[in-house]
Amino acid sequence: MSYRKSFFIHRILLSILSLVFILGSVESTLAERVDSGVPGMLFEHNVPVTMTDGVALRVNIYRPEKPGHYPVLMSMGPYGKDSRMDSVPAYKASWARLIAKYPDLCKKSSCRYLRFEVADPERWVPQGYVVIDADSRGAGSSPGMLDPFSPREIDDYATLITWAAHQTWSSGKVGLIGTSYQAINQWMVAARQPEGLAAILPWDGAFDYYREIAFYGGILNPAWKFWWDHQVVPDQNGNGESPLKDMVNGQRTTGEALSAELLKQNRIAPLDAWVSHPYDEAFYHERTPDGSHITVPLLCVANWEDWSTVGYRAAASKSKWLRIETGDHLTPFYSEESFELQKHFFDHFLKGAKDGWDKEPLVSVQVRRPDGTFWKTDAAWPLPETQWTRYYLDADDGEMGSGKNGSAATEKSYAAMGDGLTFKTKPFNEDVEFTGPVALKLWVRSSTADMDIFAALHLIDPEGQEITFTGNTDPHVPIDQGFLRVSRRAVDPAKSTSYDSYHPQTETEPMAPGQIYEVDVNFAWPTSVVVPKGYQLALSIQGKDWQYPSNAKIVPGKDYELPFSTNPGLFYAAHPNRDPVLYGGTNTVATGGGQASYLLLPLSPRRH
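In the working numbering, the protein residues as written are 159 to 766.
Here is the structure:
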C-alpha cells in the first residue's frame with residue numbers, strides 16, 4: 159500500500175472516530191479521582207481510553223478545578239506516567255544533574271508529578287491548561303504489544319488527541335509537548351493530521367527513523383539496546399519485577415504480573431527489528447513521517463549534539479520556528495527560560511493570545527565558544543549568509559586548510575582498528591565562526607571489501623589540549639561526528655545538496671580491495687562553534703568508534719552502566735554483525751591532485 163493511500167485511509171478512520179467520540183466518548187468520570195495536593199488542580203488517575211481495536215490505554219489527566227473549556231497539552235510514551243523521576247533507577251543521574259543545575263526547580267512546584275521528558279502539570283494547570291500524560295501501548299498501566307514508534311502506537315496517539323479534543327473540559331485544541339521520545343512521536347502523529355491537533359513542540363526529536371535512530375551512515379547503532387533494557391522494558395505492562403512504583407498507591411506501575419514468556423511475546427525489541435531490516439525499506443518508511451503532511455504550527459527545538467533540524471526542514475507547516483541550543487538531554491527543557499518560551503508559543507496557537515509570537519525570529523541559534531555561548535537570529539536554516547568553505551586535506555603533512563587546493567597527490571594508510579589519521583588546521587589568526595551542517599568528501603581504499611568511516615571534528619587550544627562541549631548524553635564531546643559504511647556510499651543527487659548527501663541505503667555495493675572510491679560522509683548533526691584566534695581545528699578519521707584515551711581526564715555522563723565508557727555520546731558500533739575481518743583491514747585516504755579530499759565547513763561571515 160502506498161504511503162499516500164495509507165494516509166487517506168487513516169484520515170477517513172479518524173473522521174469516523176470523531177463521530178464516535180461525539181456520540182459516546184469515554185468520559186473522565188470513569189477515572190480514579192485523587193487528591194492532587196495542589197490547590198486548584200484536579201487529578202484523574204488511570205483514565206481508560208478505548209482505542210480503535212478495543213484496547214483501553216490509561217492516561218493521567220491534570221486539569222483546572224474551575225469549570226471551563228481549556229486547551230490540552232499531551233504527551234505519550236513508555237517511561238511510566240506514574241513514577242517520580244527521582245525514584246526510577248535509570249533516571250536518578252539525570253535527576254541529579256537537573257537539580258544541580260536548577261536547585262530552585264522544586265520551589266516552582268512540588269515536583270511530585272514531574273516525569274521523565276514530559277511537562278510538569280503543576281506549572282501548566284495554573285496557566286489554564288489541561289495536561290494529559292499517557293502510558294503508550296504495552297507500557298505501564300496500558301496493556302498490549304510494546305512496539306515503540308510503530309504505526310499502531312501512532313494510531314493510538316492520534317486517537318487520544320481526537321478523544322481529548324471532544325471532552326467536556328476541552329477547548330477542542332490539543333498541543334503536543336515533550337522531549338526526545340515524546341518529540342519523535344510528535345512528528346509522526348502530526349503527519350496523520352488528527353482532529354484537534356493545533357500545535358506541536360518537538361524538543362530534541364529525531365525525524366528520519368532509519369538515518370537518525372537505527373543506522374548512522376549505514377552503520378547500525380546497537381547502543382539502543384541499553385536504552386531498551388534500562389528505560390523501556392522495566393516499565394513494560396505486566397513486568398512483575400519492575401522497580402517502578404506508582405506515586406498514588408505505592409504498587410508497581412506495570413499492573414498484574416505476566417509470565418516471562420508472555421512478556422517476551424508482548425514486546426518487539428527495536429534492535430532485533432533493525433538487524434532484520436538492514437536497508438531503508440517499508441519498515442522504516444512506516445516510522446518516518448511524510449513531511450508534506452505536517453501542516454500544523456510548530457516550534458522545533460534542536461540540539462547541536464542531538465536531534466534534529468531534519469523535521470523542521472521537512473515539515474510543510476507555514477507557521478514554523480527553529481531553535482537550536484546546546485546542553486544535555488534533559489535540563490534545557492525544564493529551565494525557566496524554556497517554560498516561558500513554551501508558554502509563549504502555546505498561548506498563541508492554543509489560546510489565540512495576541513502575545514507577539516508571530517513576530518518571533520524564525521530561526522534562533524545558540525553559538526558555542528570555549529568560554530560560553532551567545533544567541534543570534536535569522537530568517538532561514540541553514541543561515542542564508544553561510545559561506546560553504548572547503549578545508550582540503552593533505553596526507554603528506556597532516557594539515558588541512560582552504561589554501562591547500564591543488565596540493566600534490568598523496569595518500570596515507572592506517573589500521574582500521576587503530577588510531578587512524580588526524581588532520582589539523584594552522585592556528586587561526588582571528589576569531590572565526592562556523593554555524594551549520596558539516597560534510598566530508600573523501601577518496602578512500604581498503605584492503606578488504608568494505609570499510610567504516612568514523613570522523614570527528616575537534617577544537618584544540620593553543621596549549622594543544624582539546625576543548626570539549628556539553629553533549630546530549632555526555633558532558634564532554636567533540637564538535638561533531640560523522641559516519642559512513644563505504645558499501646552504502648551510493649548518493650541520490652536529486653535529494654542531495656553540497657552540504658548534505660542523501661544515501662538511499664537500499665543496497666550494498668562491496669568495495670574491490672585496493673580500488674579507490676569517492677565517498678561523501680555526512681556528520682550526524684549541524685554544528686556551531688567559534689574558533690578563537692590561536693586555536694586549531696582537527697579532523698580525526700578512524701575505522702572504529704572514536705574514543706577518548708583511557709587516561710583522558712574526562713568523566714562521561716551516564717544514567718546506567720555502559721560498555722563504552724570512553725565513547726562520547728551514545729553511538730556504539732561494536733556488534734556481532736560487524737565482522738572484525740571485513741571492517742578491520744588497512745584503510746587509505748588519498749588527497750590532492752584529482753582526488754581532493756576536503757572538510758566542508760559552514761563559515762558564518764558575521765563578527766561578534
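For every residue, glycine included, the Cβ atom is placed at its ideal position computed from N, Cα and C.
Around the C-beta of residue i, are 16 or more other C-beta atoms found within 10 angstroms, so that it is buried, or is it exposed?
| i | result |
| --- | --- |
| Ile426 | exposed |
| Asn563 | exposed |
| Gln623 | exposed |
| Gly750 | buried |
| Val459 | buried |
| Ser268 | exposed |
| Leu548 | It is Arg, not Leu, that sits at residue 548 in the sequence shown. With 16 or more other Cβ atoms within 10 Å, it is buried. |
| Thr628 | buried |
| Ala537 | exposed |
| Ser645 | buried |
| Pro446 | For the sequence presented, residue 446 should be read as Thr rather than Pro. It is buried - the Cβ of Thr446 has at least 16 other Cβ atoms within 10 Å. |
| Asn735 | exposed |
| Lys239 | buried |
| Pro738 | exposed |
| Pro236 | buried |
| Ser417 | exposed |
Under 8 Å between the Cβ atoms of residue i and residue j?
| i | j | result |
| --- | --- | --- |
| Val289 | Trp282 | yes |
| Val596 | Pro684 | yes |
| Val213 | Pro352 | no |
| Asn218 | Asp278 | no |
| Ser328 | Ala322 | yes |
| Pro668 | Ala607 | yes |
| Gly743 | Ala574 | yes |
| Phe532 | Val521 | no |
In the structure shown, what three-state DSSP assignment does residue i receive?
| i | result |
| --- | --- |
| Gln394 | strand |
| Trp515 | helix |
| Asp244 | helix |
| Phe503 | helix |
| Lys599 | strand |
| Val649 | coil |
| Glu624 | strand |
| Thr187 | Because Thr187 sits at a pLDDT of 39, beneath the cut-off of 50, its placement in the model cannot be relied upon, and the point is left open. |
| Asn343 | helix |
| Lys702 | coil |
| Phe586 | coil |
| Lys250 | helix |
| Gln694 | strand |
| Gln673 | coil |
| Tyr756 | strand |
| Cys269 | coil |
| Glu483 | strand |
| Lys562 | coil |
| Tyr287 | coil |
Judging by CA-CA distance, which residue of the options is the nearest neighbour of residue i?
| i | options | result |
| --- | --- | --- |
| Val454 | Phe581, Pro360, Asp244 | Pro360 |
| Glu591 | Ser450, Gln545, Thr337 | Gln545 |
| Ala772 | Cys264, Ser308, Thr583, Gln694 | Residue 772 falls outside the range modelled here, since the chain spans only 159 to 766, and no answer is possible. |
| Thr626 | Val688, Gly375, Met609 | Val688 |
| Ser233 | Gly701, Ala316, Gln423, Lys250 | Ala316 |
| Gly114 | Thr489, Val739, Gly559 | This structure cannot settle anything about residue 114, because the visible part of the chain is limited to 159 through 766. |
| Pro542 | Pro380, Lys422, Ser762 | Ser762 |
| Arg527 | Leu617, Pro447, Ala474 | Leu617 |
| His324 | Tyr437, Met346, Val207 | Val207 |
| Gln663 | Val649, His487, Lys653, Gly672 | Val649 |
| Gly363 | Arg643, Met346, Ala431, Ile452 | Met346 |
| Asp554 | Leu697, Pro540, Phe581 | Phe581 |
Just to confirm the assignment, what range does the alpha helix (DSSP H) spanning residue i have?
| i | result |
| --- | --- |
| Thr414 | Per the sequence presented here, residue 414 reads as Glu, with Thr not at that position. Element bounds for Glu414: n/a, residue is neither H nor E. |
| Trp321 | 309-323 |
| Glu569 | Taken as a continuous stretch (DSSP letters only), Glu569 belongs to no alpha helix (DSSP H), being part of the beta strand (DSSP E) at 568-573. |
| Gln423 | 418-423 |
| Thr489 | 489-492 |
| Arg471 | 468-472 |
| Pro428 | 428-434 |
| Pro279 | 279-282 |
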